[in-house]
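Student:
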Amino acid sequence: MPMRQNPSEQVRPIALPRRRSPGDGGGMPMIDPRAIAYPEKTRKDGDVGDGGTWHDREFPGLDDTFDCAITAHMNVGAIDRTERAAPLPMSNRALRDWAWLPTYALGFYALHQLAAIWGDSGFYSLWYPAAGLRFAVLWRRGARATGWIVLTELAVQLVTGVITAAGADWAQQAWSIMRPGIGYGLAVGAVQHLAARARDARFATPPMPLGLACAVAPFAAMALSLPTVFLRPDFTRVGSPAEIVGSLAALTVGDLLGVLMVAPPLLWLADAIERGQRPTLTMPRVTAVIEGSTVLTIALGLVWALYDIGLGRPTTPVLLAVAWIGLRFGRAAAWSAILVTALVVLPHTAGLATLDSMLALHMGLSAVAVVGYLAGSFADADIRARADLARRDRLLFQAERLKTLRAMSVAVIHEISQPLSTLAIEARHLAGISASPLADPGEVHHGAQLIERKAIALATLVRRLRRFGGRAVDNPSPLPVAALLDTVAALVQPEARAAGVVLAIDPGDLDLVVFAQEVELAQAIINLVRNAIQATPDRQVGILAERLNGAVRIRVTNARPNGATPTDGMGVGLLVARTIIEAHGGHLRRVDQPEAVAQILTLPLAEEVS
Amino acid sequence: MSALGTVYVVDDDGDLGASVARLLRRHGHAAEPFLDPAPLLAIYEDAPADCIVTDVMMGDLDGFGFADQLRAVDPATAIVFMTAWPTTANAVDSIRRYGGLDYLEKPIDEDRLVAAVAEGVAWSRRRRANLARTSALSSRERDVFDLLVRGHPNKVIAAELSLSPKTIEDHRAAIMAKTGASGLAQLIALAE
Chain A
16 MPMRQNPSEQ VRPIALPRRR SPGDGGGMPM IDPRAIAYPE KTRKDGDVGD GGTWHDREFP
76 GLDDTFDCAI TAHMNVGAID RTERAAPLPM SNRALRDWAW LPTYALGFYA LHQLAAIWGD
136 SGFYSLWYPA AGLRFAVLWR RGARATGWIV LTELAVQLVT GVITAAGADW AQQAWSIMRP
196 GIGYGLAVGA VQHLAARARD ARFATPPMPL GLACAVAPFA AMALSLPTVF LRPDFTRVGS
256 PAEIVGSLAA LTVGDLLGVL MVAPPLLWLA DAIERGQRPT LTMPRVTAVI EGSTVLTIAL
316 GLVWALYDIG LGRPTTPVLL AVAWIGLRFG RAAAWSAILV TALVVLPHTA GLATLDSMLA
376 LHMGLSAVAV VGYLAGSFAD ADIRARADLA RRDRLLFQAE RLKTLRAMSV AVIHEISQPL
436 STLAIEARHL AGISASPLAD PGEVHHGAQL IERKAIALAT LVRRLRRFGG RAVDNPSPLP
496 VAALLDTVAA LVQPEARAAG VVLAIDPGDL DLVVFAQEVE LAQAIINLVR NAIQATPDRQ
556 VGILAERLNG AVRIRVTNAR PNGATPTDGM GVGLLVARTI IEAHGGHLRR VDQPEAVAQI
616 LTLPLAEEVS
Chain B
2 MSALGTVYVV DDDGDLGASV ARLLRRHGHA AEPFLDPAPL LAIYEDAPAD CIVTDVMMGD
62 LDGFGFADQL RAVDPATAIV FMTAWPTTAN AVDSIRRYGG LDYLEKPIDE DRLVAAVAEG
122 VAWSRRRRAN LARTSALSSR ERDVFDLLVR GHPNKVIAAE LSLSPKTIED HRAAIMAKTG
182 ASGLAQLIAL AE
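Just so you know, the sequences run in chain order A and B.
Letter by letter, the first sequence follows residues 16 to 625 of our numbering.
Letter by letter, the second sequence follows residues 2 to 193 of our numbering.
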């Protein structure tokens, strides 16, 4: 709360109706500290001291610390950010650290000036983009940068002459300038701190913390001014509750709009630059664009129609539309819708006659922005949480494959040592006879061919095993069922042989194609086949595929073991198989016949998927 | 040049079986590969071998089951086992219970395989000759022979078989004549 006790300085209370004259903006504000900064004199360049030097000395490791912490929470413009850019060379880092304070000072000054268009005498502006810049820098640099932000803003206002160090009330002025930065720093720090420790994944999954911080920071800044308002009302020198509330609301609304409109694109840009890539916009789906713009157009049209017939300017339709867009299409779409709404509303309100209608519209707009952005963040966080879950499943599947490989190792070693014996015998023989001039070329040729064939077979087996045990899983692609069963047979054959079990494989039509991740689907079927191998009493396991109404049905059958109950054999392998098959849009069921047991997995055919 | 010995190689990996057979042929044996013990057993009585080289882990009938059936038909053939998964228990069984001559790990040590087969062929030849020399014995003479080679004196044998020592003397002379042995030491060697 900026307070001035000097009665000679005239303070203009919030004006209802609006009385605005450019000249008296310098009057002390009641609540909105930004009003102090209403420029009376303008200096062209904010030559604020070399913050970089202090920064280097005081916080040499600032970037490393925060970039790591922040990357975990930030997700602007892209859902999946698993890879980090290579660290910048030290000289670049130093330059960046040195440069950001003056850059911030310039940006803050420019946006501060811009905001004046929506200003009024009693408060600075109903749309304050400088808050967005402040928030973006704090979010990236972390709450520990608060001190530098506050000092920079103070310096800007000093240099541009908005406040003077010599004034009698310089302490009050300085506090009113520092307050918003401190409030934002507290909010950002609190949200990042809580998000790092939260057990509730709904609020801790990026970009939810960012969305929450965007909504909370302006309120935190406003809350910091409350003690002065209520404890020292004499400082404000405006008594009416309407004036106080109006000024507080204007402050918060202006900041909310500024943060939500400016911070997300800034953070997205900074993120892209940090990763060393050109910022790329992923093209939204056409259907999404059509749906979103239709919904928004209808809502805006409705508001205009209501206004046109004299029912005021209710913002509820737009609120609903933006919430819909956010939930359906995520943050980027929600932000675009908010931008469109703001572009429609802000020029309109800049020339609005009465302050109450302007305040009402901006409150509505800020509600639209908060709801839309949070809805979008929620949708993005949901997608990300699902992706995280899928990634965890993937690790689990890989661990299970490694376990399978370990269990099959005896049989696999047998499978590998067979061709190795052949290779050794033939190679030694070739080496022996090739030294003799009497060597039979046909024999040499035959031996060399055999060696090549064995080496290829070994290489194929090793490649399959490595692929099966590996972490990398390809994207789903069209996969012939015959090829899938071939892979399954190659991997499970050693164990079947060791157990003396014969695999009867019938891949059905050769044109059966499913849309699948080969390694994981093979894993699912291998688990079923291994279970069958262990259970079968008659050393026979059948694997057969057949077309079935736009789907493929793969049956893994074995004779019923004596004395076994139909419910046994529910191992982890079966559980993993079921999860994988269901992730492929299929399902698995067990059919018990008097003589035999069948695991039947049904998968949609590739053409049905597409 | 006539072959050193007849050798059958049994392995469900056809390439390996054929390779081993070719290797043994190069070392002078008449070697034939088989994928499966069953067809080999079917022809075996008509074409017995001096040595059988067989895998332990095979499909329907494993190497040990095969050895059992083979021993029932021919006690004089040498058996060499090969395995990709050697275990101590199997190694002991293959020698003690199934009368194997050697137990080879895969990947195969070629020199050891060749040496084992050569030893097996020689052993089988000797065994066959010994069996031929004792095959003319009557059943009573064989009873006496079995007790003699265990080192029992005539008196004990006579008591054991409820015969007179004189009769044992006669049988002993007949055994010496039929086998061409010149003393007890040679008789014992025949019983190996």
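Yeah, the Cβ is synthetic: ideal placement off N, Cα and C, and Gly gets one too.
Could you name the residues of chain A that Ile176 (chain B) contacts, counting a contact when the two beta carbons are closer than 8 angstroms?
Tutor: The premise fails here: Ile176 (chain B) is roughly 46 angstroms from chain A at the closest Cβ pair, so nothing lies under 8 angstroms.
Student: According to DSSP, is Arg634 (chain A) part of a helix, a strand, or is it coil?
Tutor: Only positions 16 to 625 of chain A appear in the structure, and residue 634 (chain A) is not among them; the question remains open.
Student: Mind reading off the beta-carbon distance from Leu5 (chain B) to Val150 (chain B)? Whole number of angstroms is fine, and I expect it under 8 angstroms.
Tutor: About 29 angstroms separates the two Cβ atoms, so there is no contact after all.
Student: Glu111 (chain B) versus chain C: which residues are under 8 angstroms apart at the beta carbon?
Tutor: Of the protein chains in the structure, A and B, none is chain C.
Student: If we ignore side chains and look at the alpha-carbon of each, how far apart do Glu622 (chain A) and Glu533 (chain A) end up?
Tutor: 17 angstroms
Student: Taking one C-beta from the region 200–209 of chain A and one from the region 152–159 of chain A each time, how about it: are there three or more such pairs within less than 8 angstroms?
Tutor: yes
Student: Is Arg406 (chain A) helix, strand or coil when you go by DSSP?
Tutor: In this structure, DSSP gives Arg406 (chain A) a helical state, which the three-state scheme calls helix.
Student: May I ask you to report which of helix, strand or coil DSSP gives Tyr104 (chain B)?
Tutor: strand
Student: Where are the alpha helix (DSSP H) runs, 4 residues long or more, that stay fully inside the region 305–387 of chain A, in chain order?
Tutor: 331–344, 346–365
Student: Span of the beta strand (DSSP E) holding Pro552 (chain A)?
Tutor: Run containing Pro552 (chain A): none; DSSP gives neither H nor E here.
Student: Given that Ala85 (chain B) touches chain A, what residues does it touch there, using C-beta distances under 7 angstroms?
Tutor: Ile428, His429, Ser432, Gln433
Student: Can you tell me where the beta strand (DSSP E) with Arg147 (chain B) in it begins and where it stops?
Tutor: The displayed chain sequence assigns Asp, not Arg, to residue 147 (chain B). From DSSP, Asp147 (chain B) is part of no beta strand (DSSP E) but of the alpha helix (DSSP H) over 140–149.
Student: Decide if Asn564 (chain A) is buried, meaning its Cβ has at least 16 other Cβ atoms within 10 Å, or exposed.
Tutor: With fewer than 16 Cβ atoms within 10 Å of its Cβ, Asn564 (chain A) is classed as exposed.
Student: Return the bridge partner residues of Cys1 (chain B) from the DSSP annotation.
Tutor: The question about residue 1 (chain B) has no answer here: the residues shown for chain B are numbered 2 through 193.
Student: Does the structure place the region 409–427 of chain A close enough to the region 311–328 of chain A that three or more beta carbon pairs sit under 8 angstroms?
Tutor: These segments do not touch.
Student: Does any residue of chain B have a CB that is nearer than 8 angstroms to the CB of Leu465 (chain A)?
Tutor: So yes, Leu465 (chain A) belongs to the interface.
Student: Mind reading off the beta-carbon distance from Val503 (chain A) to Ile540 (chain A)? Whole number of angstroms is fine, and I expect it under 8 angstroms.
Tutor: 5 angstroms
Student: Can you tell me where the alpha helix (DSSP H) with Val488 (chain A) in it begins and where it stops?
Tutor: In the DSSP annotation of this structure, Val488 (chain A) is not part of any alpha helix (DSSP H), being labelled neither H nor E.
Student: So which of A:Ser140, A:Glu168, A:Gln555, A:Arg407 has the shortest CA-CA distance to Phe150 (chain A)?
Tutor: A:Glu168
Student: Following the continuous beta strand (DSSP E) through Pro619 (chain A), name the residue where it begins and the one where it ends.
Tutor: Per DSSP, Pro619 (chain A) belongs to the beta strand (DSSP E) from 611–619.
Student: Drop a sphere of 10 angstroms on the beta-carbon of Leu410 (chain A), count the other beta-carbons inside from all chains shown, and report buried for 16 or more, exposed for fewer.
Tutor: exposed
Student: Does chain A have any CB closer than 8 angstroms to the CB of Leu24 (chain B)?
Tutor: yes
Student: For a cutoff of 8 angstroms on Cβ pairs, would you count Val544 (chain A) as touching chain B?
Tutor: Val544 (chain A) does not count as touching chain B.
Student: State the Cα-Cα distance for the pair Ser183 (chain B) and Met177 (chain B), rounded to the nearest angstrom.
Tutor: 7 angstroms
Student: Taking 8 angstroms as the CB-CB limit, is Ala513 (chain A) close to chain B?
Tutor: yes
Student: Along the region 37–50 of chain B, where does the CB come closer than 7 angstroms to a CB of chain A? Name the residues.
Tutor: none
Student: Comparing the C-beta of Pro34 (chain B) with each C-beta of chain A, is any distance below 8 angstroms?
Tutor: no
Student: Can you tell me whether Ala145 (chain A) is buried or exposed? The criterion is at least 16 other CB atoms within 10 Å of its CB, across all chains shown.
Tutor: buried
Student: I want to verify the contact list: residues of chain A whose CB lies under 7 angstroms from the CB of Val21 (chain B), in sequence order.
Tutor: Those are Ile440, listed as they occur along chain A.
Student: Would you mind stating whether Pro166 (chain B) and Ala175 (chain B) have Cβ atoms separated by less than 8 angstroms?
Tutor: no
Student: So with CB distances below 7 angstroms, who are the chain A contacts of Leu17 (chain B)?
Tutor: Gln433, Ser436, Thr437
Student: Among the residues of its own chain, which have a CB less than 6 angstroms from the CB of Ala592 (chain A), if the five just before and after it don't count?
Tutor: Ala539, Asn542, Leu543
Student: Starting from Asp37 (chain B), follow its DSSP beta bridges and name the residues at the other end.
Tutor: Looking at the DSSP assignment, Asp37 (chain B) forms no beta bridge with any residue, so it has no partner.
Student: Just to make sure I have the definition right: I need the residues of chain A whose C-beta is within less than 9 angstroms of the C-beta of Asp147 (chain B). Which are they?
Tutor: Ordered by position in chain A, no residue passes the 9 angstroms Cβ test against Asp147 (chain B), which lies about 39 angstroms from the chain.
Student: Report the CB separation of Leu266 (chain A) from Met237 (chain A) in whole angstroms; it is logged as a contact under 8 angstroms.
Tutor: 6 angstroms
Student: Ala230 (chain A): which of A:Gly273, A:Ala213, A:Ala514, A:Thr475 sits nearest, CA to CA?
Tutor: Taking only the C-alpha atoms, the option nearest Ala230 (chain A) is A:Gly273.
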